[in-house]
Amino acid sequence: GAGVSQSPRYKVAKRGQDVALRCDPISGHVSLFWYQQALGQGPEFLTYFQNEAQLDKSGLPSDRFFAERPEGSVSTLKIQRTQQEDSAVYLCASSLLQFARSGTGELFFGEGSRLTVL
Amino acid sequence: QQQVKQSPQSLIVQKGGISIINCAYENTAFDYFPWYQQFPGKGPALLIAIRPDVSEKKEGRFTISFNKSAKQFSLHIMDSQPGDSATYFCAPGGQNFVFGPGTRLSVLP
Chain E
489 GAGVSQSPRY KVAKRGQDVA LRCDPISGHV SLFWYQQALG QGPEFLTYFQ
539 NEAQLDKSGL PSDRFFAERP EGSVSTLKIQ RTQQEDSAVY LCASSLLQFA
589 RSGTGELFFG EGSRLTVL
Chain P
17 QQQVKQSPQS LIVQKGGISI INCAYENTAF DYFPWYQQFP GKGPALLIAI
67 RPDVSEKKEG RFTISFNKSA KQFSLHIMDS QPGDSATYFC APGGQNFVFG
117 PGTRLSVLP
């Protein structure tokens, strides 16, 4: 596709359920980021992949959050035993460049997956 | 934790006016200074960015100014239009990007 695609766009989960959010980055993009955006706030960094390698997961809020990108393209963010505080928009972004040492280059964002935990 | 601050939190400007949004950061390792624009229900999109070797960059109605010693950079929107009404984020980059809290701009027709 032409842009970053995320699914589902909307997800309602009962507290305690597991959810999986999918990101299809732009073809050929090396870097992939996940961000969490609470209502009225700026995106908060969760994790970063360079190809299939997860180079930084320092932003994951707890061990209930897990992300993978096994073949270096599609990525999945999994949240286990969801809590109400997990309600947010989860944004995926990809970039053509590597960010191992320097944050340069444009991030292309998807429209996000809005998670509501009841 | 890296800190990025934006001011003002919100801004109302008349059509044709100048909108100015400021960003202050702490991490001197940042080496890329972008502004992103976000409309409701959409992901952020890059508006304009600057590298630390220049102090100003202009693209159409949008200008970014960078003050390395003060660790600040700003976005100027000239001849503001109602279509510019959105939330703007600075997102200085190092090994990843740290987004500011956002500035909600409303341009009145």
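Chains E and P, in that order, give the protein sequences.
Heads up: the first sequence begins at 489 in this note's numbering, then just goes up one per residue.
Heads up: the second sequence begins at 17 in this note's numbering, then just goes up one per residue.
All residues carry an ideal CB built from backbone N, CA and C; glycine is no exception.
This structure is a prediction, so every number in the text was calculated from the model and none was measured.
Using a Cβ-Cβ cutoff of less than 6 Å, which residues in the same chain neighbour residue i once the five nearest sequence positions on both sides are dropped?
i, result
"T564 of chain E", "A508, R510 and E556"
"R120 of chain P", "S26 and T103"
"S495 of chain E", "R510"
"T130 of chain P", "Since the first residue of chain P shown is 17 and the last is 125, residue 130 of chain P is not available in this structure."
Could you confirm whether any beta carbon from chain E is found closer than 7 Å to the beta carbon of residue i?
i, result
"L62 of chain P", "yes"
"N43 of chain P", "no"
"V29 of chain P", "no"
"N112 of chain P", "yes"
"G99 of chain P", "no"
"F10 of chain P", "Outside the shown range of chain P, which is 17 to 125, sits residue 10 of chain P, and nothing can be said about it."
"G59 of chain P", "yes"
"G118 of chain P", "yes"
"F105 of chain P", "yes"
What is the DSSP secondary structure of residue i, counted as helix, strand or coil?
i, result
"Q465 of chain E", "This structure gives no information on residue 465 of chain E, because the portion of chain E shown stretches from 489 to 606."
"D100 of chain P", "helix"
"S550 of chain E", "coil"
"P50 of chain P", "strand"
"G109 of chain P", "strand"
"G118 of chain P", "coil"
"Q529 of chain E", "coil"
"F537 of chain E", "strand"
"Q505 of chain E", "coil"
"H92 of chain P", "strand"
Under the assumption that residue i contacts residue j (Cβ atoms under 8 Å), give the Cβ distance between them as a whole number of angstroms.
i, j, result
"F113 of chain P", "G530 of chain E", "Actually they are not in contact, since the Cβ atoms of F113 of chain P and G530 of chain E sit about 10 Å apart, beyond 8 Å."
"K84 of chain P", "Y41 of chain P", "K84 of chain P to Y41 of chain P, Cβ: 11 Å. No contact."
"Y126 of chain P", "L62 of chain P", "An answer regarding residue 126 of chain P cannot be provided, because it is not within the stretch 17 to 125 covered by chain P."
"Q54 of chain P", "F105 of chain P", "7 Å"
"H92 of chain P", "S81 of chain P", "7 Å"
Which same chain residues end up closer than 7 Å to residue i when comparing Cβ atoms and leaving out the 5 residues on each side of it in sequence?
i, result
"S575 of chain E", "L603, T604 and V605"
"P98 of chain P", "K31, V123 and P125"
"S493 of chain E", "D512 and G598"
"E573 of chain E", "none"
"G547 of chain E", "E532, F533, L534 and T535"
Near residue i, what residues of its chain come up, given a Cβ to Cβ distance below 8 Å and the 5 sequence neighbours on each side ignored?
i, result
"R497 of chain E", "E599, G600, S601 and R602"
"K21 of chain P", "C39, A40, Y41, G116 and P117"
"D506 of chain E", "K566, I567, Q568, R569 and T570"
"H517 of chain E", "S582, S583, L584 and F596"
"E559 of chain E", "E540"
"G109 of chain P", "F46, D47, Y48, F49 and P50"
Cβ of residue i less than 7 Å from any chain P Cβ?
i, result
"Y498 of chain E", "no"
"L565 of chain E", "no"
"F533 of chain E", "yes"
"E540 of chain E", "no"
"C597 of chain E", "Correcting the residue identity first, residue 597 of chain E is Phe in this sequence and not Cys. Yes, F597 of chain E lies at the interface with chain P (some Cβ there is under 7 Å from its Cβ)."
"G516 of chain E", "no"
"E559 of chain E", "no"
"L603 of chain E", "no"
"G491 of chain E", "no"
Under a CB-based cut-off of 7 Å, is residue i close to chain B?
i, result
"L579 of chain E", "The structure shown contains no chain B; the protein chains it does contain are E and P."
Is there contact here, the region 22-30 of chain P with the region 71-88 of chain P, by at least three beta-carbon pairs under 8 Å? The region 22-30 of chain P vs the region 71-88 of chain P: no contact.
So, does the region 576-586 of chain E touch the region 509-528 of chain E, judging by three or more C-beta pairs under 8 Å? yes
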